[in-house]
Structure formats: structure tokens, C-alpha cells
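Numbering (my numbering), first residue to last: 15 to 233.
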């Protein structure tokens, strides 16, 4: 059953949280760490990146809405493909929220970052291990704001009017700007290194179906 209101909406009962956590983390880890070759090496590299992403959220929590995870989701989606990028996004969200706070809002955060990873897989942000910095920077800024607005929907309840929700969105614009700036800085500092690491250390960089889909579209 749903309990009290949390920071971003209603908090869930312990049993509900446990069920959500186990289901999402298990499925996502299976999708992320299912390499074709050199399983141990790929699992180690991808797990390390995921833990680092979760840790970045925890360590930067004192700074309002500074979240490099948004940019990392774009790069992971661009380098590993939609399936594995989205799995990375869900795991990083779930693991970091075990420390930060869990609740109804986790579903919005996880789905938001998964959507960003999916977008990253489709926008041609990384070719091989070369990052299109201009395209990545513009995309990172846009998706950071859209992500914040999506997560804000978690507080929308039957007792809230549209005008009240609009005021909430307007009040949050400075924090949206901080998120966008943090994503932009992260793109400059981290993205090239992260893309190169994934390209060099993982065997299956791109999902086989991605090129197939591209061929169908091209045809």
C-alpha cells in the first residue's frame, strides 16, 4: 500500500519497494552484463562504470541537481546501444537511491534516465570512440531539463491543480539550469574518456540489431 508523501510524491511500503528493487535490478543487470565474449572482463568494466555513476549521485547530493548521470546515460546508450544503455540507467538509479531515498519518484527517475540512454543510442553522439561534442553538449542540456520536468510529474496528485503544478515547475527552473550546466561540464570533462574506455575495454560495443535497424531505415 502507499504510505505517506515523500519528497517527490507518495512513499511506498517496504514490501513494495523490495519487490520493485529486486525486479528492476535483476532484469537490468542481466540486460547490461550479457556479453558475447570475455564475459568476466566486460562484467567487471560495466559494473565498475555503473557503480561509479551511482556513487557520483551520492557524492554530489549536497549540490542541488548536479547529476553527471544524465550525460553518462547518453554516452552509455550511444556506445553500448539502447538495451544495455537503458539497463545501465535503471541500475545506477536504483543503487544510488538505496542511499539517497527510495519511493514512487524512483520509477520516474529510472524511466527518465532510461529514455535518455535510448535517445543517446539513436542520435549519433558517438561514432566508434569519437564523441561529437557539439551534438552531445546540445543534447545533454535539452534532456537535462526534460528529465527534471518528467520527474516533477511524480508529485502531481489528484489534489494538485494544473496552475499549482505550473508554479512548481517555474520555481524549479533555477535547479533545471544547474542540472543542464552540470551535464554540459560533465560532457566536456568525462564523455571522451568514458566513450574511449567502453570502446577499448568491452568486446560487444554495439548491439547487433542497431545496425540492422539502421539498414532498414536507410533502405
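Yeah, the Cβ is synthetic: ideal placement off N, Cα and C, and Gly gets one too.
Review point. Which runs of the alpha helix (DSSP H) fall wholly inside the segment 81-122 and span at least 4 residues, in chain order?
Key: Considered as a whole, the segment 81-122 harbours 83-94, 96-114 as its complete alpha helix (DSSP H) runs of no fewer than 4 residues, in chain order.
Review point. What's the C-alpha gap between residue 168 and residue 182?
Key: Within the chain shown, residue 168 is the residue found at index 154, counting from 1. Within the chain shown, residue 182 is the residue found at index 168, counting from 1. Those two C-alpha atoms are separated by around 12 Å.
Review point. Which term fits residue 44, buried or exposed, when burial requires 16 or more other beta carbons within 10 angstroms of its beta carbon?
Key: To locate residue 44, count along the chain shown from 1; it is residue 30. Residue 44 should be labelled exposed.
Practice item. Tell whether a beta-carbon distance below 8 Å holds between residue 100 and residue 197. Key: Walking along the chain shown from the start, residue 100 turns up at place 86. Walking along the chain shown from the start, residue 197 turns up at place 183. Not a contact, by the Cβ cut-off of 8 Å.
Practice item. Could you work out which residue in 179, 201, 180 is closest to residue 139 when comparing CA atoms only? Key: Looking up residue 139 in the chain shown gives position 125. Ranked by how close their Cα comes to the Cα of residue 139, the residues 179, 201, 180 have 201 in first place.
**Study point:** Backbone CA spacing between residue 214 and residue 156 [nearest angstrom]
**Key:** Against the chain shown, residue 214 aligns to sequence position 200. Against the chain shown, residue 156 aligns to sequence position 142. Cα to Cα, residue 214 sits roughly 29 Å from residue 156.
**Study point:** Counterpart residues of residue 36 in DSSP-defined beta bridges
**Key:** The count along the chain shown starts at 1 and reaches residue 36 at position 22. Answer is none; residue 36 lacks a bridge partner.
Point to revise | Backbone CA spacing between residue 190 and residue 159 [nearest angstrom] | key: On the chain shown, position 176 is the one that residue 190 refers to. On the chain shown, position 145 is the one that residue 159 refers to. If you take the alpha carbons of residue 190 and residue 159, they lie about 5 Å apart.
Review point. Anyone know if the C-beta pair for residue 46 and residue 102 falls short of 8 Å?
Key: As a position in the chain shown, residue 46 is number 32, starting the count at 1. As a position in the chain shown, residue 102 is number 88, starting the count at 1. Taking C-beta atoms as the reference points, residue 46 and residue 102 count as a pair closer than 8 Å.
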